[in-house]
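Residue numbers (UniProt numbering): 1 to 172.
For each residue, glycine too, the CB sits at the ideal point set by N, CA and C.
These notes are about the structure you will find just below.
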């Protein structure tokens, strides 16, 4: 469900939707439909993405990450809100709910996103969320007990990066 329409920053002083706010909305609406091609069309070819699980990704790695995640998605629902943007940057809040395929556990992950724009496209996308909270949900007791430690968080990142590399090699 898109809850962002009409929130501060989506419309300018003349009541028009800022083009970059509309771009963010298009991105998340495509995500809701699991349409990774439409999501990728919102990104510049040299986009940079960062989050607590995958770390820093560049260019085609970003769209491939979304392709991999969507291909593995089980019972994925997504809601977004608080879309705000101007000529240079923007933000949104989104919540993904899904079954983590490796454990069968339900995850509800609230995320704060920041964007940088260039030439009508997203050139930088940063997602922030609590990795310990995510690990607690996705991995159960082990994640709750150890998910806050740098060792466990680095292991989660290494596994995610390895999974993405393997997925990219299979789908090249």
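Taking 9 Å as the cut-off, the Cβ atoms of residue 36 and residue 83 do not count as close.
Excluding residues up to 5 positions away in sequence, 63 lie with their Cβ nearer than 6 Å to the Cβ of residue 40 in the same chain.
Residue 33 and residue 79 have their C-alpha atoms some 11 Å from each other. Boundaries of the beta strand (DSSP E) around residue 79: 77 to 85. Rounded to the nearest whole angstrom, the C-alpha separation of residue 65 and residue 17 is 29 Å. Rounded to whole angstroms, residue 81 and residue 29 show a C-alpha spacing of 11 Å. Take residue 116, set aside five residues on each side of it, and the residues of its chain with a beta-carbon closer than 6 Å to its own are 89, 123, 124, in chain order.
The beta carbon of residue 43 is closer than 7 Å to those of 62, 63, 121, 122 in its chain, skipping five residues each way along the sequence. Straight-line measurement puts the Cα of residue 119 at about 41 Å from the Cα of residue 143. The residues 36, in chain order, have a CB closer than 6 Å to that of residue 67 in the same chain once the five nearest residues on each side in sequence are set aside.
With fewer than 16 other Cβ atoms from the protein chains shown falling within 10 Å of its own Cβ, residue 171 counts as exposed. By alpha-carbon distance to residue 136, the top candidate from 157, 106, 163, 164 is 106.
Beta-bridge pairing by DSSP links residue 116 to 89, 124.
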